[in-house]
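Chains as they are written, first to last, in the numbering used here: chain S, 1 to 773; chain U, 774 to 1251. Note that beta-carbon positions come from the ideal geometry of N, C-alpha and C, so glycine has one too. Note sheet for the following structure.
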């Protein structure tokens, strides 16, 4: 590199995604695009067609006899444990035995020469299931005694009973919140290759290669050192590939080892949607005490979550619901309780936000209720209750909010979006428009960053500098589209002061960096960026030592400049210094490790500091609603979002816009619909409607919060961005609510529950018109 | 006697491909990925709803080759006959230089996970190739058949503008019409249970001989019988090469659409006939579905939620059917007998639909209600047509989809309107009468109660638009 003053692709540069060029040419390889190894066979799962029942017989003779079939696998073929429960509770078998617990539960797998043959054969099973009473929803779960899949949690702050009892005003209500399918464009897939001496390699579309490794070993009865799991990239994940990949990887590996052939398992989209977990739908019972000025004095909330048949991640998910049941608001007294209920439905799982969004929605509903009860604008009540100075900074889990910029963001956005003037104009316009009504809302976001299970907050990286000065980078984080690989490569480029093109990004694999955590909880760049920096610094330190020693100068006389290293008064090209270091037998490879400081959490006591820091944002949405049909469109959205000092503003903006639209889908058109038999009937894009290009806001102004930096020592003072923007979409739900409220002259809280489909919106309009009559 | 050819012939990557040993139900997507090793085209849903498998098919039309986006996941291999197949691998120049569409996608940060990206690139390439400029709305319409879960679409729509500002290699490797014309030999193609006649007479003969055959036009519905239902639909008779079924005849009195005319092809003629159809056509499927799907197919498969029958019934359309021996015609509404049952004799097939031109005094509108505005199946679709003379309703035709087991007219409501002055009283009576016309069911698209309520509200919207056209009563999507 010539003597440029700046490297290409350092930290804070708006670089394109590292695979952008491969994406647009179709050359980016996903698991299903790996060239088929010789002898590749294909597996298909056989799924139960009952929500709950006793398996009387499983006759697979016709399956085995079908054309092209190589073998059939059931629980009895599993050499290790018939268990893929990520919690160690042994409540989630690979294949059901004895009892079926949800419609779509895997019973067996068939392996055939082609995928088509396997799919056809799977449908030939003769399965006899004696139906048992099925608990399909939360009402049924409570009526049946309220069996829980995992231990509930209660967070307590102050004396909430006394606070509510003493409050001048009180109200109570219930909110139902819908679930959400991840709808990653690339469905689940695993490709397993048998190796020698019991080894198996698995290519898996997973956010959590280490867990897939452990599960495959567990199912096959092997130590982890026999199993390698690799993933270069996923076609989207959103939490849906955190634990849900285990099933597909375990079955593919089992089939590969059993048949001693490479086996691929790629379920059809319908099977993927039916057999894998989703965002938890919940019902929230809330009671709030407040004063005439709109100050909330006490809040009690109970979150009943439909967890499905097993625990999966429902414990930490519902915990995070409680951690976010304040959103940005100071509840002086609170009691927040989770009720993780067992149902005979697919086991719900991680999904961007991880339970947090449901808690935040409940907080916003409480605010909205208070506003309508007092005849105030909801933004007034939001501003009144937002976290503030030291006296108003304690959360229901007793962590202090020390980095609070929510009030500043809300005020700045209100001004930027011209909230008050537009609100006035829109209400005047509504008075003159009989059918089409407009609504406006501004909602904030505060999201806690860290895994609440403290031990997950660790990461490793492996960096090699080759003798030619090129760098190869590996870490435990996975790439699912979020741009993690690029951000971490930019960090390494920055450390060495070389162009990012010199840093080769490589697939995540368990034999390079072990014992990794899921790429989840928005933590990817915080954890892996730090680990990679530490690895790069270890090598840089050795290069510094070598340069100082070989040139006879002090260490502080060595500095890394763009593309070169200054040693005393001399400058040496980076590549040349590396070559010299190699010749001098300097180790040019290093691992890096990082663990998040300061965090601790005592779940029994309900106290601690589960989060290293908080990310903030605010959004203002305007909608137009047809009050005769319930149809609507999002007219304008303004966003101000905090990413600290951005590692890559282009990628961060993409996360914000994408998260917003995904959240909007959750709260509007994405409706999961089960029939009375417990069958999911919205199991493909023909019936399950995620947003399209034409659903995005007609005007979409997105800005990163200026002058923001992380108060904590995160990687280059950046902030996590994966999950928080999803909840900016609460503004759309509340704007719809505002439009609905117009039909009763803003006198009644619409209590519009998500997903706010046109049908739900019309129902709210009709209900308010009726009540106001 | 028509000659027979035992191979499918099409252009692909600069040469004529001949496929003889393929099964009828093999999809273009599976062939690309599994046989050709061209894995840039992705499977996201295998039902034509996500667009990750979008490829372009070139066909000769009016002295040019028109390239249209279609879903490879539900296109059967035989449907490539006589076409030029273009996939994402065929775009960038041989030295790796990106096309303006690809370059714009990179510059606008329009890919994140990248799995949907090849489909978006293909959909945008079709638009860029076909037009010298496009509005944001044009871009959105071109992308209605493509789902992205990562970006929120904003950068993709921006790329749809940027691609017109960039120069670079040709957007796609277009061929000359002569190269496609040279493939047409008039022979009936027969490959592994796939039968594709090249003339109406040949089609009639084939259906007479094999009345159990599945007739396929665009396969936007039938494709799912195979990819999802794993059904054996052979012999499969594909009508896409019968020129007579692709004719559009715009007469002074009526419009006649051959049964093989796609939504895309019919769109301009339909809008010239009844401008109210424009908004509906813009919401049927996505570009990929409109390019492949046919109005004849939408009628012939008898779906209770097909979007075209309600407006066509309201407009007084007649259906033309043919068997080898005879041609007959019937009012469209009489074709739908019951759920899944149409007035169709063995060996008989739909040849055309004929729609009379509305007269002065005719008011017509069609409204579609769905969970998501675009590319969604109707919860209900209501079409309204009245002929007014001095404020009196001399004729009323109302038809709904999604309200009964078939597309169905609202006979009681129509009777409440006919001969009456078009006023609030008559409107209320007609709305009340709808309850006698329909008893819709609950399903995942909507509850029966919502459908009933909306049916009345849509009639009210129609009243408002016919009596107070200045007052906005529906969302303006711009």
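- Task: Between the Cα of residue 110(S) and those of 510(S), 158(S), 129(S), 61(S), spot the shortest distance and give me the residue it belongs to.
- Result: For the purposes of this step, residue 110(S) is taken as residue 110 along the first chain, with counting starting at 1. Nearest to residue 110(S) by C-alpha distance, out of 510(S), 158(S), 129(S), 61(S), is 61(S).
- Message: List, in chain order, every chain B residue whose beta-carbon is nearer than 9 Å to that of residue 689(S).
- Response: Absence of chain B from the displayed structure is noted, the protein chains being S and U.
- If residue 730(S) sits next to residue 361(S), beta carbons under 8 Å apart, how far is it from one beta carbon to the other, in whole angstroms? As a position in the first chain, residue 730(S) is number 730, starting the count at 1. As a position in the first chain, residue 361(S) is number 361, starting the count at 1. Yes, they are in contact, since the Cβ atoms of residue 730(S) and residue 361(S) sit about 6 Å apart, within 8 Å.
- Task: Closer than 6 Å by C-beta to residue 372(S): which residues in its own chain qualify, once you throw out the five before and the five after it? Chain order, please.
- Result: Counted from its first residue, the first chain places residue 372(S) at position 372. 749.
- Task: Entirely within the region 727-758 of chain S and at least 3 residues each: give me those beta strand (DSSP E) ranges in chain order.
- Result: none
- Message: Can you give me the C-alpha to C-alpha distance between residue 872(U) and residue 216(S), rounded to a whole angstrom?
- Response: Here residue 872(U) refers to the residue found at position 99 of the second chain. Here residue 216(S) refers to the residue found at position 216 of the first chain. Their Cα atoms are separated by approximately 43 Å.
- Query: Ends of the alpha helix (DSSP H) at residue 976(U)?
  - Reply: Position 203 of the second chain, counted from the start, is the residue given in the question as residue 976(U). In this chain, the alpha helix (DSSP H) harbouring residue 976(U) covers 973-982.
- Query: How is the beta strand (DSSP E) around residue 264(S) delimited, first residue to last?
  - Reply: Stepping through the first chain from its first residue, residue 264(S) is reached at position 264. 263-265 is the span of the beta strand (DSSP E), which, as asked, contains residue 264(S).
- By a C-beta neighbour count over all protein chains shown, 10 Å radius and 16 as the cutoff for buried, is residue 925(U) buried or exposed? Indexing the second chain from 1 puts residue 925(U) at position 152. Residue 925(U) should be labelled buried.
- Task: Compile a chain-ordered list of the residues in the region 183-205 of chain S whose CB is closer than 8 Å to at least one CB of chain U.
- Result: 183, 184, 185, 186, 187
- Item | Own chain, CB closer than 6 Å to residue 843(U), minus 5 neighbours either side, in chain order | As a first step, residue 843(U) is located in the second chain; it is residue number 70 there, counting from the start. In chain order, 830, 1061, 1064, 1065 place their CB closer than 6 Å to the CB of residue 843(U), counting only its own chain and leaving out the 5 sequence neighbours on each side.
- Message: Using the three-state DSSP reduction, which class does residue 897(U) fall into: helix, strand or coil?
- Response: As a working mapping, residue 897(U) is identified with position 124 in the second chain. Residue 897(U): helix per DSSP, three-state reduction.
- Query: Does the beta carbon of residue 1066(U) come closer than 7 Å to any beta carbon on chain S?
  - Reply: Residue numbering aside, residue 1066(U) sits at position 293 when the second chain is read from its first letter. By this cut-off, residue 1066(U) is not an interface position.
- Query: Which two residues bound the contiguous alpha helix (DSSP H) that contains residue 876(U)?
  - Reply: Within the second chain, the letter at position 103 stands for residue 876(U). Note, residue 876(U): alpha helix (DSSP H), 873-880.
- Message: Can you tell me whether residue 868(U) is buried or exposed? The criterion is at least 16 other CB atoms within 10 Å of its CB, across all chains shown.
- Response: By 1-based counting over the second chain, the position of residue 868(U) is 95. Using a 10 angstroms sphere on the CB of residue 868(U), the tally of other CB atoms stays under 16, which defines it as exposed.
- Item | Own chain, CB closer than 8 Å to residue 909(U), minus 5 neighbours either side, in chain order | Sequence index remark: in the second chain, residue 909(U) carries index 136 (1-based). Cβ within range, chain order: 930, 933, 934.
- Quick one: which residues of the region 816-833 of chain U get their C-beta closer than 9 Å to a C-beta of chain S? List them in chain order. 816, 817, 818, 819, 820, 821, 822, 823, 825
- Task: Just confirm the distance between the C-beta atoms of residue 616(S) and residue 409(S), as a whole number of angstroms; I'd bet it's less than 8 Å.
- Result: Counted from its first residue, the first chain places residue 616(S) at position 616. Counted from its first residue, the first chain places residue 409(S) at position 409. The Cβ separation is near 6 Å, so the contact holds.
- Query: For residue 580(S), which residues in chain U fall below 8 Å Cβ to Cβ?
  - Reply: Your numbering for residue 580(S) matches position 580 in the first chain. Within chain U, no residue comes near residue 580(S); the closest Cβ sits about 35 Å away, beyond 8 Å.
- Query: Roughly how many angstroms lie between the CA atoms of residue 87(S) and residue 314(S), to the nearest whole one?
  - Reply: Position 87 of the first chain, counted from the first residue, corresponds to residue 87(S). Position 314 of the first chain, counted from the first residue, corresponds to residue 314(S). Near 10 Å, if we compare the C-alpha coordinates of residue 314(S) and residue 87(S).
- Query: Taking Cβ to Cβ, would you say residue 824(U) is nearer than 7 Å to residue 919(U)?
  - Reply: The residue given as residue 824(U) occupies position 51 in the second chain. The residue given as residue 919(U) occupies position 146 in the second chain. Yes, Cβ-Cβ distance for residue 824(U) and residue 919(U) is below 7 Å.
- Query: Given residue 1071(U), which residues of its chain have a CB within under 6 Å of its CB, disregarding the five upstream and five downstream residues?
  - Reply: Locating residue 1071(U) in the second chain gives position 298, counting from the first residue. Same-chain partners within the cutoff: 1079, 1081.
- Using DSSP bridges, identify the partner residues of residue 1023(U). Sequence index remark: in the second chain, residue 1023(U) carries index 250 (1-based). Bridge partners of residue 1023(U): 1028(U).
- From the DSSP output, read off the bridge partner residues of residue 1122(U). Locating residue 1122(U) in the second chain gives position 349, where the first residue counts as 1. Its beta-bridge partners are 1095(U).
- My understanding is that residue 31(S) touches residue 205(S), with C-beta atoms under 8 Å, so please give their C-beta distance in whole angstroms. The count along the first chain starts at 1 and reaches residue 31(S) at position 31. The count along the first chain starts at 1 and reaches residue 205(S) at position 205. Sure, about 5 Å apart at Cβ, within 8 Å.
- Item | Near-chain S residues of the region 800-814 of chain U (beta-carbon distance less than 9 Å), N- to C-terminal order | 803, 806, 807, 810, 811, 812, 813, 814
- Message: Check whether chain S comes within 7 Å of residue 847(U), counting only Cβ atoms and requiring the distance to be less than that.
- Response: Taking the second chain and counting its residues from 1, one reaches residue 847(U) at position 74. Closer than 7 Å: no.
- Query: Residues of chain U with a CB under 7 Å from the CB of residue 485(S): which are they?
  - Reply: As a working mapping, residue 485(S) is identified with position 485 in the first chain. Within chain U, no residue comes near residue 485(S); the closest Cβ sits about 12 Å away, beyond 7 Å.
- DSSP on residue 153(S), reduced to helix/strand/coil? Here residue 153(S) refers to the residue found at position 153 when the first chain is read from its first residue. In the structure shown, residue 153(S) sits in coil (DSSP, three-state: anything other than H, G, I, E or B).
- If you measure from the beta carbon of residue 1246(U) to each beta carbon in chain S, is any gap under 7 Å? Stepping through the second chain from its first residue, residue 1246(U) is reached at position 473. It does: the Cβ of residue 1246(U) has a partner Cβ on chain S nearer than 7 Å.
- Would you say residue 1217(U) faces chain S, with C-beta separation under 7 Å as the test? Residue 1217(U) sits at position 444 when you count from the first residue of the second chain. At least one beta carbon of chain S lies nearer than 7 Å to the beta carbon of residue 1217(U).
- Message: Would you say residue 490(S) lies against chain U (beta-carbon separation less than 7 Å)?
- Response: As a working mapping, residue 490(S) is identified with position 490 in the first chain. No, because no Cβ of chain U sits closer than 7 Å to the Cβ of residue 490(S).
- Taking all protein chains shown into account, decide if residue 2(S) is buried (16 or more other Cβ within 10 angstroms of its Cβ) or exposed. Numbered from its first residue, the first chain carries residue 2(S) at position 2. The pLDDT assigned to residue 2(S) is 49, lower than 50, so where the model puts this residue is not dependable, and the model offers no usable value.
- Quick one, which residues of the region 645-677 of chain S are near chain U if we go by CB-CB under 7 Å, in chain order? 650, 654, 657, 658, 660, 661, 662, 669, 671, 673
- Message: Measuring straight from C-alpha to C-alpha, what distance separates residue 1059(U) and residue 598(S)?
- Response: Position 286 of the second chain holds residue 1059(U). Position 598 of the first chain holds residue 598(S). So the alpha carbons of these two residues sit roughly 51 Å apart.
- Message: Quick test of your reading: residue 947(U) and residue 801(U), contact by CB under 8 Å. State the CB separation rounded to the nearest angstrom.
- Response: As a working note, residue 947(U) is residue 174 in the second chain. As a working note, residue 801(U) is residue 28 in the second chain. The pair is not a contact, with the Cβ atoms about 19 Å apart (cut-off 8 Å).
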